[in-house]
Each structure stands twice: as C-alpha cells, then as structure tokens.
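Asks:
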Amino acid sequence: MHFSGLKPSEFTLVGVFNACSNQTAIVEGQQAHGYLSKCGFDSHMFIRTALIDMYAKCGRTNDARKGFDQLQEADLVLWTSMIGGYVQNGENEEALSLYGRMEIEGVLPNELTMVSILKACSSLAALEQGKQIHARTIKYGFGLEVPVGSALSSMYAKCGNLDDCSVVFKRMPGRDVVSWNAMISGLSHNGCGKEALELFEVMRLDGIKPDHVTFVNLLSACSHMGLVETGQAYFRLMVDNYGLEPKVDHYACMVDIFSRAGKLAEAKDFIESVPISHGLCLWRILLGACRNYRNYDIGAYAGERLMELGSQESSAYVLLSSIYSSMGRREDVERVRRIMKHEGVVKAPGCSWIEIKNLVHVFVVGDQLHPQIGKIRIELKRLIKQMKDEGYRPLIDLHCTNYQMSDDI
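Structure representation (structure tokens):
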C-alpha cells in the first residue's frame, strides 16, 4: 500500500499495530510508531490505545506504561490492556498495583479486567487478595460464567484452596474445557492425583473433548504418583484417540515420569527419540533426576548435552561439575568451569516470598534490606543452634558439595 503511493489513515495504522502485537514483531511495531509520529496521528485516542496495547503484548511494558501515563483520561479498554500486559509478562505486582489505582480513580472493570487480576493473584499464590477480587466480582455483578468462573477456579486451585475451588467449579452454570482443566490441574498439583484422574473420566462422560492442557495435567498427575504405565497409556490416548500432536510440555512430562520412577535409561532413550525440537528442558529434567539417583554416567551425558546446546543456567554447569568431581575427573571439572566463565554464565540469586497479614515479604539471597533483617538473623541463629543441638548434620549431596552450615548468617 505504501509503495503504491497511497497514504494510510489512522485506521490503517491501528491495523498495523494489531498485526505487530507479538514478541517477534516489535521492530516493525517501533517503525510503525515512528511513522505514526511523522503522519501527525499522535493525538488520536484510539490509535494511542492500539500503540500501548502493542507495546504491552510485545513485552515492552515500560514503553507501554510511558504512553499510558501520558494520557489524561484513559478508558476502560486501555486500563484492561495495560493490566493484561503486566500479567502476560509476569509483572503481577505491577498489575495489582495498577488495578488498585484504577479502583481509586473510579473506573469500573469489565470481565477481562477481573480475569487478568485473578491470573495475577494465581501467579503470586496471593490467596487473600484473590478472595478480595472474588468479592469484587460479586459486587460488580459478574457471575460464575466463563471466563470469570474459570479464572476463579484456577486462582483457588493454584493457591492450594481446593475446597473453594471445588465450590466455584460446581456452581458454574456452564463448564468448558478450560474450567475442567483448571479443576484437574488444581487436584494434580495439590497431591490429589487420583482424584484428578477420576475427574478426567467424569469430563469424558460429560462429552467434553480434552485438549493439550488436559493431558499435560494428567501426565503431571501420573508423574507425581509414579504411574509410569498409566502415563504411557494417556500419552497414547492423546495421540491415537484424540489426534492431538504432542508438544514439548507432553514430552517433558513423560521424561519426568520416567525420571521420578528411576528409569533413567528409558528417559534418555525417550529424549533422543523425540521428533520435535525441545531445546534444553528435557535434558534439564534428566540431569536433575540423575542427581537424585546418583547416576553419574547418564548425568554427565545429560550435562554435556546441555552445554552443547548453549544452556545459560548456572545450575546445569554447577551440577555437572559436581558430578565430575564425584567421579574423580578433575580435568573435566576445570573444563566445565572454564566454559561457564567463557559463556558468562552466572548463578541467579535465590528468591522466595511469603504473605503475612496481606503483606508480601520478599527475600533474596544476600539481601540485607528487609526492615526486620535484624530479628530474622537472630531467629535463624536460634534455629540453627537448635538443629545442631538435636544432632542435625547437613547432607553433602551432588548439588551442594561445598555446602556447610555457617553461624555467620
């Protein structure tokens, strides 16, 4: 159109921004943004909305937020788009914060807004905030229809509250495959694998056709229960009865099933038979299992494959180095460390958080900024002394060969 000499309108550029709304087209989106400024369409509200939405969906939330904050009167669509962009990119705290600002400014949410916020609560396992959002859905008149009902059920499941998850699921007037998946996933990931498999049979009797996510949940349940043959049967059922092509997640679950059961040779052979590109994840699962079962030979093989594929995860290098150390292969230990240094692989700091009285406390290794760090250090020293007095000694394992309990917290 451009080379034909036709000048685009603002509506044309909205279509272009929508087409660029994915991670692979950010460069084209930025070029279209520059062309937008050149054409003088910056002041149009609907085109700025499309622009902000494009940046959010491309993972450029900072750029999206700059445009959002410049607007004097953002409409509901824009609020929802910005919140959804944060959730999509894993910035769940920012999503919740922006939702709080939205409520303060008196902007009423729609169903999509509530679904995004519930997803944020799910990702953070923030049960109390999730309950508050549930109350908001009732206040604003949203029922348990899809998608709000599915989001609520999923939120309670991921927060470990299976009772409320079950109540929401049973009260939903209409349950689609997403709703069933949320319930099956909740049971599977909370130690109720048998119930998850039974619910799948009920789902089939109700005439609901399972999808790829359903079988990921089923295979995950089989993995946690050590049901190797059952997992293989579900894998065949997915392909033969439902015509679903296995994806990386399904292959990863199968490797996990073999690995947890100690069938490491079978897991290795299975990985090498996978017909699709699976990157690093399958070898990573096997390497972790080799650590648990102290299978040095297969562990070394899996670790070498990870290095060949260019893994940037420090844990793979550290674990492989520890395996070679246990095998007495000092030259290989030094080689792995040189490769790690050459590739610029650094160990990411550990991080954990806990919610107490509606306040989330975040802890990062080596961080001394917590306002109660003094009391925390005293309590840790007390616990360590109590552990030592009762005869505890740290277990020296492959992945922590240099570990020792220190009084210098």
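Under full-length UniProt numbering, think of the first position of the sequence shown as 1, with each following residue one higher.
Using N, Cα and C, we set each Cβ at its ideal position, and we do this for glycine too.
Everything numeric in this text was worked out from a predicted model, so none of it was measured.
1. Put residue 121 into one of helix, strand or coil per three-state DSSP.
2. Identify the continuous beta strand (DSSP E) that holds residue 361 and give its terminal residues.
3. Look at the alpha carbon of residue 11 and the alpha carbon of residue 31, and state the distance between them as a whole number of angstroms.
4. Which residue marks the beginning of the beta strand (DSSP E) containing residue 352, and which one marks its end?
5. Leaving out five residues on either side along the sequence, give the residues of the same chain with a beta carbon under 6 Å from the beta carbon of residue 129.
6. What does a CB cutoff of less than 7 Å around residue 52 pick up in its chain, not counting 5 residues either side in sequence?
7. Ignore the nearest five residues each way along the sequence and tell me which others in residue 148's own chain have a CB closer than 7 Å to its CB.
8. Which first and last residues belong to the alpha helix (DSSP H) in which residue 132 is found?
9. So does residue 53 have its beta carbon nearer than 8 Å to some heavy atom of the ligand ZN?
10. Skipping 5 residues on each side, what residues in its chain have a beta carbon closer than 7 Å to that of residue 154?
11. From residue 227 to residue 282, what distance separates their C-alpha atoms?
12. Span of the alpha helix (DSSP H) holding residue 24?
13. Kindly confirm or deny that the stretch 168-184 and the stretch 212-230 touch, where touching means at least three C-beta pairs closer than 8 Å.
14. So the candidates are 208, 221 and 210; which of them puts its Cα closest to the Cα of residue 197?
15. Just tell me which of 70, 29, 39 and 17 has its CA closest to the CA of residue 6.
16. According to DSSP, is residue 305 helix, strand or coil?
17. Quick one, are the C-beta atoms of residue 345 and residue 386 less than 9 Å apart?
18. Just verifying my parser: in three-state terms, what is the DSSP assignment at residue 327?
19. Who are the near neighbours of residue 225 in its chain, counting only those whose CB is closer than 8 Å to its CB and skipping five residues on each side?
20. In three-state DSSP terms, what is residue 311?
21. Looking only at its chain, what residues have a beta carbon closer than 7 Å to the beta carbon of residue 295, apart from the 5 residues adjacent to it on each side?
22. Within 10 angstroms of the Cβ of residue 234, are there 16 or more other Cβ atoms? Answer buried if so, exposed if not.
23. Can you grab the Cα-Cα spacing for the pair residue 71 / residue 92, in whole Å?
24. What residue range does the alpha helix (DSSP H) around residue 171 cover?
25. Here's the rule: buried if 16 or more other CB atoms are within 10 angstroms of the residue's CB, otherwise exposed. What is residue 95?
26. Could you round the C-beta distance between residue 119 and residue 151 to whole angstroms and report it? I think they count as a contact, below 8 Å.
27. Would you kindly check if the distance between the Cβ of residue 336 and the Cβ of residue 359 is under 9 Å?
28. Pull up the distance between the alpha-carbon of residue 190 and that of residue 164, whole angstroms please.
29. Roughly how far, in whole angstroms, is the beta-carbon of residue 286 from the beta-carbon of residue 259, given that I think they are within contact range, below 8 Å?
Replies: Taking the definition as stated:
1. helix
2. 359-364
3. 17 Å
4. 351-356
5. 121
6. 64, 67, 68, 78, 81 and 82
7. 111, 114, 115, 137 and 142
8. 127-139
9. Among the ligands in the structure shown, none appear at all, so the ligand ZN cannot be discussed.
10. 122 and 182
11. 19 Å
12. Run containing residue 24: none; DSSP gives neither H nor E here.
13. yes
14. 221
15. 39
16. helix
17. no
18. coil
19. 193 and 194
20. coil
21. 264
22. buried
23. 22 Å
24. 162-171
25. buried
26. 6 Å
27. no
28. 14 Å
29. 6 Å
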